[in-house]
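What follows is a single structure, written as C-alpha coordinates, with notes after it.
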Amino acid sequence: MDQIDSLLEGSVDMHIHSGPGLISRSLDHVEAAQEAMAAGQKAIVIKDQHIPSAETANIIQKYIVREAPFHIYGSVALNNAAGGVNPRVVEAALGCGAKVIWMPTLSARFHKEGHAKMTAKAQAAMPKTKFALSQDPPLSVLKEDGSLLDEVYEICKLIAQKNVVLGTGHLSWPETYAVIKAAKEAGVEKIVVDHPEHLLKATAEQMQELTAQGVYVEHVLALVYSNKSSHEKIYEMIREHGVEYCVVASDLGQVGRPHPVEGMRNFIADMLKFGLTESEIRKITSENPGKLLGV
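First residue of the sequence shown: 1, per UniProt numbering; consecutive thereafter.
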(Lines of atoms letter the chains of each structure in order from A and count residues from 1; the text may use other names and numbers.)
(Lines give C-alpha, C1' and ligand atoms only; values in the text may rest on other atoms or scores of the structure.)
Protein backbone atom coordinates (compact mmCIF):
# COMPACT_ATOMS: atom_id res chain seq x y z
CA MET A 1 0.00 0.00 0.00
CA ASP A 2 1.45 3.37 -0.99
CA GLN A 3 1.47 6.48 1.18
CA ILE A 4 -1.61 8.02 -0.42
CA ASP A 5 -3.74 4.90 -0.09
CA SER A 6 -2.53 4.48 3.48
CA LEU A 7 -3.79 7.97 4.32
CA LEU A 8 -7.05 7.39 2.46
CA GLU A 9 -7.65 4.28 4.55
CA GLY A 10 -9.67 5.20 7.62
CA SER A 11 -10.75 8.56 6.20
CA VAL A 12 -14.27 9.91 6.60
CA ASP A 13 -16.16 11.85 3.92
CA MET A 14 -19.09 13.63 5.53
CA HIS A 15 -20.39 15.40 2.43
CA ILE A 16 -21.21 13.19 -0.58
CA HIS A 17 -23.77 13.91 -3.31
CA SER A 18 -24.64 10.46 -4.61
CA GLY A 19 -27.98 9.58 -6.18
CA PRO A 20 -30.60 8.94 -7.29
CA GLY A 21 -32.21 12.30 -6.65
CA LEU A 22 -33.76 15.30 -8.34
CA ILE A 23 -30.29 16.34 -9.51
CA SER A 24 -28.42 13.90 -11.77
CA ARG A 25 -25.41 12.33 -10.07
CA SER A 26 -22.34 10.45 -11.28
CA LEU A 27 -22.85 7.52 -8.91
CA ASP A 28 -25.62 6.13 -6.75
CA HIS A 29 -25.61 5.59 -2.99
CA VAL A 30 -24.68 1.92 -3.24
CA GLU A 31 -21.78 2.68 -5.56
CA ALA A 32 -20.61 5.43 -3.21
CA ALA A 33 -20.60 2.98 -0.30
CA GLN A 34 -18.87 0.25 -2.31
CA GLU A 35 -16.14 2.57 -3.59
CA ALA A 36 -15.56 3.97 -0.10
CA MET A 37 -15.33 0.48 1.40
CA ALA A 38 -12.93 -0.65 -1.33
CA ALA A 39 -10.68 2.30 -0.49
CA GLY A 40 -10.77 1.45 3.20
CA GLN A 41 -12.64 4.56 4.26
CA LYS A 42 -14.31 4.44 7.66
CA ALA A 43 -17.55 6.30 6.95
CA ILE A 44 -19.45 8.56 4.56
CA VAL A 45 -22.49 10.82 4.82
CA ILE A 46 -25.05 11.10 2.03
CA LYS A 47 -26.25 14.66 1.43
CA ASP A 48 -29.35 15.02 -0.72
CA GLN A 49 -30.41 18.60 -1.35
CA HIS A 50 -34.12 17.77 -1.42
CA ILE A 51 -35.01 14.80 0.79
CA PRO A 52 -33.77 13.21 4.04
CA SER A 53 -31.35 10.35 3.40
CA ALA A 54 -31.11 8.47 6.70
CA GLU A 55 -33.59 5.77 5.68
CA THR A 56 -31.62 5.05 2.50
CA ALA A 57 -28.37 4.92 4.45
CA ASN A 58 -29.86 2.50 6.95
CA ILE A 59 -30.94 0.08 4.21
CA ILE A 60 -27.50 0.19 2.57
CA GLN A 61 -25.83 -0.35 5.94
CA LYS A 62 -27.97 -3.44 6.57
CA TYR A 63 -27.91 -5.11 3.17
CA ILE A 64 -24.74 -3.88 1.44
CA VAL A 65 -22.27 -2.99 4.18
CA ARG A 66 -23.47 -5.74 6.51
CA GLU A 67 -20.59 -6.73 8.82
CA ALA A 68 -17.89 -4.64 7.14
CA PRO A 69 -16.09 -2.07 9.35
CA PHE A 70 -17.74 0.83 7.57
CA HIS A 71 -20.64 3.20 8.21
CA ILE A 72 -22.89 5.05 5.79
CA TYR A 73 -24.99 7.77 7.39
CA GLY A 74 -27.84 9.98 6.26
CA SER A 75 -28.59 13.64 6.79
CA VAL A 76 -31.11 16.30 5.92
CA ALA A 77 -30.71 19.73 4.35
CA LEU A 78 -33.54 22.01 5.44
CA ASN A 79 -34.53 23.13 1.95
CA ASN A 80 -38.09 23.64 0.75
CA ALA A 81 -38.57 20.14 -0.64
CA ALA A 82 -37.63 18.61 2.72
CA GLY A 83 -39.98 20.90 4.65
CA GLY A 84 -37.84 23.97 5.20
CA VAL A 85 -36.68 25.25 8.58
CA ASN A 86 -38.96 22.86 10.41
CA PRO A 87 -38.18 21.14 13.73
CA ARG A 88 -40.62 18.34 12.87
CA VAL A 89 -38.53 17.46 9.84
CA VAL A 90 -35.42 17.46 12.02
CA GLU A 91 -37.05 15.33 14.70
CA ALA A 92 -38.09 12.75 12.09
CA ALA A 93 -34.65 12.72 10.45
CA LEU A 94 -32.92 12.30 13.80
CA GLY A 95 -35.32 9.53 14.71
CA CYS A 96 -34.17 7.68 11.60
CA GLY A 97 -30.51 8.15 12.47
CA ALA A 98 -29.44 11.29 10.59
CA LYS A 99 -25.95 12.38 11.62
CA VAL A 100 -25.88 15.85 10.04
CA ILE A 101 -28.56 18.54 9.98
CA TRP A 102 -27.83 21.27 7.46
CA MET A 103 -29.48 24.67 7.50
CA PRO A 104 -30.94 25.66 4.07
CA THR A 105 -28.58 25.29 1.12
CA LEU A 106 -30.07 25.56 -2.39
CA SER A 107 -33.25 27.12 -1.00
CA ALA A 108 -31.42 29.67 1.14
CA ARG A 109 -32.09 33.29 0.23
CA PHE A 110 -28.37 34.04 0.41
CA HIS A 111 -27.61 31.14 -1.96
CA LYS A 112 -30.23 32.28 -4.45
CA GLU A 113 -29.01 35.88 -4.33
CA GLY A 114 -25.44 34.71 -4.89
CA HIS A 115 -26.49 32.45 -7.76
CA ALA A 116 -28.26 35.35 -9.46
CA LYS A 117 -25.00 37.35 -9.42
CA MET A 118 -22.99 34.59 -11.11
CA THR A 119 -21.93 34.80 -14.72
CA ALA A 120 -23.96 32.84 -17.25
CA LYS A 121 -21.07 30.38 -17.58
CA ALA A 122 -20.90 29.84 -13.82
CA GLN A 123 -24.66 29.38 -13.59
CA ALA A 124 -24.56 26.82 -16.39
CA ALA A 125 -22.01 24.76 -14.44
CA MET A 126 -24.27 24.50 -11.38
CA PRO A 127 -26.17 21.22 -10.84
CA LYS A 128 -29.86 21.72 -11.61
CA THR A 129 -33.24 20.15 -11.03
CA LYS A 130 -36.24 20.61 -13.28
CA PHE A 131 -38.53 20.84 -10.25
CA ALA A 132 -38.78 24.60 -9.72
CA LEU A 133 -41.13 24.41 -6.75
CA SER A 134 -38.46 22.66 -4.69
CA GLN A 135 -36.42 25.89 -4.75
CA ASP A 136 -39.04 28.55 -3.91
CA PRO A 137 -39.61 30.61 -1.86
CA PRO A 138 -36.13 31.67 -0.74
CA LEU A 139 -35.54 30.79 2.90
CA SER A 140 -33.93 32.79 5.67
CA VAL A 141 -33.44 31.78 9.29
CA LEU A 142 -34.00 35.38 10.38
CA LYS A 143 -37.25 37.24 10.96
CA GLU A 144 -37.90 40.61 9.35
CA ASP A 145 -36.53 42.35 12.47
CA GLY A 146 -33.27 40.41 12.19
CA SER A 147 -33.90 38.07 15.10
CA LEU A 148 -33.61 34.31 14.73
CA LEU A 149 -36.65 32.22 13.86
CA ASP A 150 -38.15 30.41 16.84
CA GLU A 151 -37.92 27.19 14.85
CA VAL A 152 -34.12 27.41 14.78
CA TYR A 153 -33.95 27.38 18.57
CA GLU A 154 -36.11 24.25 18.60
CA ILE A 155 -33.92 22.63 15.95
CA CYS A 156 -30.78 23.40 17.93
CA LYS A 157 -32.24 21.77 21.03
CA LEU A 158 -33.04 18.63 19.05
CA ILE A 159 -29.53 18.51 17.60
CA ALA A 160 -28.00 18.96 21.05
CA GLN A 161 -30.10 16.14 22.47
CA LYS A 162 -28.81 13.70 19.85
CA ASN A 163 -25.27 15.16 19.83
CA VAL A 164 -25.12 15.22 16.04
CA VAL A 165 -23.62 17.73 13.61
CA LEU A 166 -25.13 21.10 12.75
CA GLY A 167 -24.02 22.35 9.34
CA THR A 168 -24.66 26.02 8.63
CA GLY A 169 -25.45 25.40 4.96
CA HIS A 170 -25.55 28.33 2.56
CA LEU A 171 -26.53 31.07 5.00
CA SER A 172 -25.27 34.66 5.07
CA TRP A 173 -22.81 35.87 7.69
CA PRO A 174 -25.51 37.42 9.93
CA GLU A 175 -27.50 34.19 9.73
CA THR A 176 -24.44 32.03 10.33
CA TYR A 177 -23.40 33.99 13.42
CA ALA A 178 -26.95 33.92 14.79
CA VAL A 179 -27.23 30.16 14.29
CA ILE A 180 -23.85 29.50 15.91
CA LYS A 181 -24.81 31.60 18.94
CA ALA A 182 -28.16 29.82 19.33
CA ALA A 183 -26.57 26.42 18.84
CA LYS A 184 -23.95 27.02 21.51
CA GLU A 185 -26.60 28.27 23.92
CA ALA A 186 -28.61 25.10 23.27
CA GLY A 187 -25.59 22.90 23.96
CA VAL A 188 -24.74 21.87 20.41
CA GLU A 189 -21.13 20.67 20.46
CA LYS A 190 -20.57 19.88 16.78
CA ILE A 191 -20.93 22.90 14.48
CA VAL A 192 -19.53 23.00 10.95
CA VAL A 193 -19.44 26.05 8.68
CA ASP A 194 -19.60 24.75 5.13
CA HIS A 195 -17.05 25.98 2.54
CA PRO A 196 -16.80 29.49 4.09
CA GLU A 197 -14.41 30.60 1.35
CA HIS A 198 -17.15 30.14 -1.27
CA LEU A 199 -20.45 31.99 -0.85
CA LEU A 200 -19.38 33.71 2.37
CA LYS A 201 -16.04 34.84 0.88
CA ALA A 202 -14.52 34.36 4.32
CA THR A 203 -11.15 35.91 5.07
CA ALA A 204 -8.40 34.12 6.96
CA GLU A 205 -9.27 36.22 10.02
CA GLN A 206 -12.94 35.22 9.86
CA MET A 207 -12.06 31.53 9.61
CA GLN A 208 -9.65 31.89 12.52
CA GLU A 209 -12.45 33.53 14.50
CA LEU A 210 -14.65 30.50 13.86
CA THR A 211 -12.05 27.93 14.83
CA ALA A 212 -11.18 29.93 17.96
CA GLN A 213 -14.79 29.31 19.06
CA GLY A 214 -14.46 25.57 18.50
CA VAL A 215 -16.45 25.74 15.27
CA TYR A 216 -15.23 23.50 12.48
CA VAL A 217 -14.38 24.96 9.08
CA GLU A 218 -15.16 22.61 6.19
CA HIS A 219 -13.31 22.83 2.89
CA VAL A 220 -14.81 20.89 -0.01
CA LEU A 221 -13.20 19.49 -3.13
CA ALA A 222 -16.16 20.13 -5.43
CA LEU A 223 -15.03 23.76 -5.59
CA VAL A 224 -11.72 22.62 -7.08
CA TYR A 225 -13.47 20.82 -9.92
CA SER A 226 -15.77 23.76 -10.64
CA ASN A 227 -12.77 26.11 -10.84
CA LYS A 228 -13.83 28.07 -7.75
CA SER A 229 -10.86 26.95 -5.67
CA SER A 230 -7.73 24.81 -5.89
CA HIS A 231 -5.83 22.33 -3.77
CA GLU A 232 -3.16 24.98 -3.30
CA LYS A 233 -5.72 27.49 -2.02
CA ILE A 234 -7.13 24.91 0.40
CA TYR A 235 -3.60 24.18 1.60
CA GLU A 236 -2.99 27.89 2.20
CA MET A 237 -6.23 28.24 4.18
CA ILE A 238 -5.36 25.20 6.29
CA ARG A 239 -1.98 26.72 7.07
CA GLU A 240 -3.71 29.96 8.10
CA HIS A 241 -6.33 28.54 10.47
CA GLY A 242 -4.72 25.23 11.43
CA VAL A 243 -5.98 21.66 11.48
CA GLU A 244 -7.52 21.45 14.94
CA TYR A 245 -10.99 22.55 13.80
CA CYS A 246 -10.78 21.78 10.10
CA VAL A 247 -12.57 19.15 8.03
CA VAL A 248 -12.04 18.34 4.36
CA ALA A 249 -14.88 16.60 2.50
CA SER A 250 -15.35 15.78 -1.15
CA ASP A 251 -18.80 17.35 -1.78
CA LEU A 252 -18.55 15.30 -5.00
CA GLY A 253 -20.98 13.23 -7.01
CA GLN A 254 -21.68 15.78 -9.72
CA VAL A 255 -21.80 14.48 -13.28
CA GLY A 256 -18.51 15.00 -15.11
CA ARG A 257 -16.40 15.32 -11.96
CA PRO A 258 -14.31 12.73 -10.10
CA HIS A 259 -16.08 10.33 -7.78
CA PRO A 260 -15.67 11.14 -4.08
CA VAL A 261 -12.90 8.59 -3.41
CA GLU A 262 -10.90 9.75 -6.42
CA GLY A 263 -11.29 13.35 -5.35
CA MET A 264 -10.04 12.59 -1.85
CA ARG A 265 -7.10 10.61 -3.23
CA ASN A 266 -6.10 13.52 -5.48
CA PHE A 267 -6.37 15.92 -2.56
CA ILE A 268 -4.17 13.80 -0.30
CA ALA A 269 -1.54 13.49 -3.04
CA ASP A 270 -1.32 17.25 -3.46
CA MET A 271 -1.28 17.95 0.28
CA LEU A 272 1.78 15.71 0.58
CA LYS A 273 3.43 17.64 -2.25
CA PHE A 274 2.62 21.00 -0.66
CA GLY A 275 3.99 19.99 2.72
CA LEU A 276 1.18 18.85 5.02
CA THR A 277 2.42 16.08 7.29
CA GLU A 278 0.76 12.68 7.44
CA SER A 279 -0.49 13.57 10.91
CA GLU A 280 -2.07 16.80 9.65
CA ILE A 281 -3.73 15.04 6.71
CA ARG A 282 -5.18 12.38 8.99
CA LYS A 283 -6.43 15.07 11.33
CA ILE A 284 -8.56 16.79 8.67
CA THR A 285 -9.67 13.72 6.70
CA SER A 286 -10.02 11.06 9.40
CA GLU A 287 -9.82 12.20 13.00
CA ASN A 288 -11.91 15.38 12.95
CA PRO A 289 -14.76 14.09 10.75
CA GLY A 290 -14.66 10.79 12.63
CA LYS A 291 -15.01 12.65 15.92
CA LEU A 292 -17.94 14.64 14.55
CA LEU A 293 -19.75 11.48 13.46
CA GLY A 294 -18.76 9.44 16.49
CA VAL A 295 -16.86 6.76 14.57
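Beta carbons are placed, not taken as given, at the ideal position from N, Cα and C, and that holds for glycine. In this text, all values refer to a predicted model and were calculated from it rather than measured experimentally.
Let me know the alpha helix (DSSP H) ranges lying completely inside the stretch 20-47, each 4 residues or longer, listed in chain order.
29-38
Within the stretch 122-209, note down every full alpha helix (DSSP H) run reaching 4 residues or more, in order along the chain.
150-162, 173-186
Distance, Cα to Cα, Pro-69 vs Pro-258?
C-alpha separation (whole angstroms): 25 Å.
Going by Cα to Cα distance, which pick from Ala-269, Val-261, Glu-278 is closest to Asp-13?
Val-261
Exposure of Ser-75, with buried meaning 16 or more beta-carbon neighbours within 10 Å:
buried
Are the stretch 274-282 and the stretch 21-36 touching by the rule of at least three beta carbon pairs closer than 8 Å?
no
At what residue ranges does the stretch 59-106 contain a whole run of the beta strand (DSSP E), taking only runs of 3 or more?
71-73, 75-77, 100-102
The stretch 58-67 / the stretch 75-91 touching (three or more Cβ pairs under 8 Å)
Cβ pair count under 8 Å is below three, so no.
Identity of the residues DSSP links to Glu-218 by a beta bridge
Asp-194, Val-247
Pull up the distance between the alpha-carbon of Asp-2 and that of Arg-88, whole angstroms please.
47 Å
Cβ neighbours of Gln-263 in the same chain (closer than 6 Å, five flanking residues each side left out):
Rather than Gln, the amino acid found at residue 263 in this sequence is Gly. Same-chain partners within the cutoff: Leu-221, Ser-250, Leu-252.
Quick check on DSSP: helix, strand or coil for Asp-2?
coil
Spell out the partners DSSP gives Val-295 in its beta bridges.
Paired residue(s): none; Val-295 is not in a bridge.
Buried or exposed (CB count within 10 angstroms, at least 16 for buried), Asn-288:
buried
Which stretch, first to last residue, makes up the alpha helix (DSSP H) that contains Ile-284?
Note, Ile-284: premise wrong, no alpha helix (DSSP H); not H, not E.
Would you mind reading off the limits of the alpha helix (DSSP H) that contains Ile-234?
231-241
Determine the DSSP secondary structure at His-17, reduced to helix, strand or coil.
coil
To the nearest angstrom, how far is the alpha carbon of His-219 from that of Gly-10?
19 Å
Which of helix, strand or coil does DSSP assign to Val-255?
In the three-state DSSP reduction, Val-255 falls in the coil class, being neither helix nor strand.
For Ala-269, the first and last residue of its enclosing alpha helix (DSSP H)
260-274
Excluding sequence positions up to five away, which residues of its chain have a Cβ less than 8 Å from the Cβ of Lys-162?
Leu-94
Alpha-carbon to alpha-carbon, Leu-149 and Leu-4:
In the sequence as presented, Leu is not what sits at residue 4; that position holds Ile. CA-CA distance, Ile-4 to Leu-149, rounds to 45 Å.
Rounded separation between Lys-47 and Ser-18 - CA only
8 Å
Please look up how many angstroms separate the CB atoms of Ala-43 and Leu-293, rounded, as I've assumed it's under 8 Å.
6 Å
What residues match up with Ala-108 in a beta bridge as DSSP calls it?
Leu-139
Selection from Val-193, Glu-185, Glu-175 that minimises the alpha carbon distance to Arg-109:
Restricting attention to Val-193, Glu-185, Glu-175, the CA atom closest to the CA of Arg-109 is found in Glu-175.
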